[in-house]
Amino acid sequence: MPKEGFVTSITRQSEDFPGWYNDVVLKAELADYSPVRGCMIIRPYGYAIWESMQAELDGHIKRTGHSNVYFPLFVPKSLLEKEAAHVEGFNPQVAWVTHAGGKALDEWLAIRPTSEAIIADSVKDWIQSYRDLPLLMNIWNNVVRWELRTRLFLRTTEFLWQEAHTFHATSEEAEAEVATGLDCYDKVSEEWLAIPVIKGRKTDSEKFPGADFTWCIEAMMRDKKALQAGTSHMLGQNFARAAGIEFLDRDNVRKHPYGTSWGFSTRMVGATIMTHGDDSGLVLPPNVAPVQVVIVPIFRKDEEKAAVAEAIDRFQAVLASTPEGAKVRVKVDWRDDSPGFKYNHWELRGVPFRMEIGPRDVAAGQAMLVKRVDRSKEAVPLEQLAAELPARLRAYQAELFDRARDFRDANTHHVDTYQQLKDGLDGDGGFFLAPWCGGAKCERQVNEETGATIRCIPFDSPAEAGKCVVCGAASERRVLFARAY
RNA sequence: CGGGGCGUGGCGCAGCCUGGUAGCGCACCUGAAUGGGGUUCAGGAGGCCGAGCGUUCGAAUCGCUCCGCCCCGACCA
15 MPKEGFVTSI TRQSEDFPGW YNDVVLKAEL ADYSPVRGCM IIRPYGYAIW ESMQAELDGH
75 IKRTGHSNVY FPLFVPKSLL EKEAAHVEGF NPQVAWVTHA GGKALDEWLA IRPTSEAIIA
135 DSVKDWIQSY RDLPLLMNIW NNVVRWELRT RLFLRTTEFL WQEAHTFHAT SEEAEAEVAT
195 GLDCYDKVSE EWLAIPVIKG RKTDSEKFPG ADFTWCIEAM MRDKKALQAG TSHMLGQNFA
255 RAAGIEFLDR DNVRKHPYGT SWGFSTRMVG ATIMTHGDDS GLVLPPNVAP VQVVIVPIFR
315 KDEEKAAVAE AIDRFQAVLA STPEGAKVRV KVDWRDDSPG FKYNHWELRG VPFRMEIGPR
375 DVAAGQAMLV KRVDRSKEAV PLEQLAAELP ARLRAYQAEL FDRARDFRDA NTHHVDTYQQ
435 LKDGLDGDGG FFLAPWCGGA KCERQVNEET GATIRCIPFD SPAEAGKCVV CGAASERRVL
495 FARAY
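When we follow the working numbering, the leftmost residue of the first sequence carries the number 15, and every step to the right adds one.
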């Protein structure tokens, strides 16, 4: 329980969710503010979490046939401006380099807000024939978007991400690729981060500037607000046409290839925090937890310390004797602090399991095993624990996912009138599935009057005749309304 | 850009009204005891009081100007 008077005490979620989030990020030492407004410093513990999801996603990207590449940080102004909708969408957020080498530049350089423009220009010479397609690339990089309001991990001026960029001979192939990208995100979110997501399509007003359409995954945070967790865009021929990319197809006709792009960012670290965390701090899914099991030795005298150390060594040796067990990330906390201090320290950092081993446990050949998520405590024989630990971590991972999914489902409601929607948003909040006519005007009205947006048109939303909650016109299916980050 | 608030050791704050050589809690270092839910005690290190100008014998404190940050609004994925 958080106590007052300690530097590491954190705001309660129920009291002030954004305050809780900030406390956790700073006090669990995930990140820090930087001298540059809106930018963040990612500290070792936070970067380790990012690296874990990065490695997992990179595996999915490579298995689906994409190769990692690199393109420059700077985008010449003329290139960024080639695709009309793209410039219009990004211009307000672009940071420009106007001087270099002590002189004003002839042509300004944008610090990439995303790389569609420079990639489209660069690959036009690589694509001559349908045989050069598909071209499947991915970049891990940093981008800069000048934001008015920033939040650590969730929206920072500079952020780290991955952007996949692909080119295809046909529209059908490109559309299948949009699905491939979204599927990678779905898997990483649900299987690695234990964050249940809703897959769907963005409305036209929410789609990527320069895209024909955008697909996304949306997740519910513990304050019941929505967070866009990844987007996959069908770029059609827009960028290819703007950059003059052409290939000669089988039928001997010159055509523009179809493009896609999809991105997943450090925002997902924030999503992980806000999906699982509680009043004691982080609750990390074992897959991403830099430390999966922390061992807290308890002793008074030197003899006791030696006996405890020996028991820990033996436990670790047994654990390391199986391939699965050897991969478990264990940390033994020998620091000269009280056990209680260490419990709080590691709970704040979200370590899934804590093992307490003291003289009484050594005598009984056991350890006290405490689960972070519910603080349940259990005495387990050491040998048995070493054998079971990998399975227990898997079960813990599944438990977090189920818990998050149940929470989301319990806070997702069907509403049929505008009044119900407003009452719901102003009441307990959550996700609201409601009929919508498809009109941008009704969409805007809801946003202006309630602050909620259409998060997506869920793929699993069945065909259902209804009346738009705003204008009453015919609706074919329900869409997802929520207040969002 | 409009409204409100705040800048004092790493963090959180007091001191300012009523000028007089900077203090507290946490964190940090040393030592001893302690150790199963934030452990004590003792000793210690650390501050151009956001910046500049002014008033004054003397400014963290009073005045003016500037800079920065936070919250709300506006804007924005």
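Here a beta-carbon is modelled for each residue, glycine too, at the ideal position from N, C-alpha and C.
Keep in mind that this is a model prediction, so the values were computed, not measured.
Each residue's CA atom was taken as its position, placing D197 and T245 some 11 Å apart. Contact check for M235 and F445: beta-carbon distance about 11 Å, past the 8 Å limit, so the pair fails to qualify.
Nearest neighbour of E121 by Cα position, chosen from L414, E130, A134 and E95, turns out to be E95.
For F167, the three-state secondary structure derived from DSSP is coil. It is roughly 7 Å from the alpha-carbon of L333 to the alpha-carbon of A401.
Looking at G486, C470 and R497, the one whose alpha-carbon comes closest to that of C230 is C470.
For N105, the three-state secondary structure derived from DSSP is helix.
Distance from the Cα of R328 is smallest, within the candidate group L399, W110 and V387, for L399. Residues of the same chain with a CB within less than 7 Å of the CB of G379, apart from the 5 flanking positions on each side, are P395 and L396 in chain order.
One Cα belongs to D388, the other to A454, and the distance between them is close to 44 Å. The shortest CA-to-CA distance from Q27 to any of M369, D237 and K356 is the one to D237.
Between R57 and I287, the alpha-carbon positions lie close to 15 Å from each other. Contact fails between the stretch 185-200 and the stretch 109-118, because fewer than three Cβ pairs, one in each stretch, are under 8 Å apart. Listed in chain order, the non-local C-beta contacts of G339 below 8 Å within the same chain comprise V332, L333, A400, A401, L403 and P404, local neighbours out to five positions each way being set aside.
By the Cβ-count criterion, G258 is exposed, with fewer than 16 other Cβ atoms from all chains shown falling within 10 Å of its own Cβ.
Put simply, of N358, Q176, D350 and A498 the residue whose alpha carbon is nearest the alpha carbon of Y84 is Q176. Contact between the stretch 95-110 and the stretch 121-138 is present, with at least three C-beta pairs closer than 8 Å.
Within the same chain, and ignoring the five residues on either side of Q411 in sequence, the residues whose Cβ sits closer than 7 Å to its Cβ are A208, P299, P300 and N301.
Between A240 and T164, the alpha-carbon positions lie close to 17 Å from each other. With three or more CB-CB distances shorter than 8 Å, the stretch 354-365 counts as touching the stretch 281-296.
If you look at K41, you'll find it in the alpha helix (DSSP H) that goes F31 to K41. Scanning P271, W154 and C482 for the CA closest to the CA of Q434 turns up C482. Per DSSP, the unbroken alpha helix (DSSP H) holding K319 starts and ends at D316 to A334. Looking from the CA of D440, the closest CA among F421, V460 and K341 belongs to V460.
Secondary-structure assignment with DSSP links S489 through a beta bridge to G480.
DSSP places D437 inside the alpha helix (DSSP H), whose first and last residues are Y432 to D440. The criterion of a C-beta distance shorter than 7 Å is not satisfied by Q306 and R349. Contact between Q242 and R159 is absent: CB atoms are separated by about 14 Å, not below the 8 Å threshold.
In this structure, the beta-carbon distance from V202 to I63 does not fall below 7 Å. Counting along the chain, the unbroken beta strand (DSSP E) around I212 starts and ends at I212 to R215. Annotation: the continuous beta strand (DSSP E) that includes Q242 extends over A240 to G250. Annotation: the continuous alpha helix (DSSP H) that includes C198 extends over S185 to K201. Contact between T171 and G52 holds: their C-beta atoms lie close to 3 Å from each other, under 8 Å. In chain order, E161, R163, R281 and Y499 place their CB closer than 8 Å to the CB of R169, counting only its own chain and leaving out the 5 sequence neighbours on each side.
In this structure, A254 is the residue among A254, E43 and P373 with its C-alpha nearest to the C-alpha of Y272. Following the DSSP letters along the chain, one finds G277 inside the beta strand (DSSP E) bounded by residues Y272 to S279.
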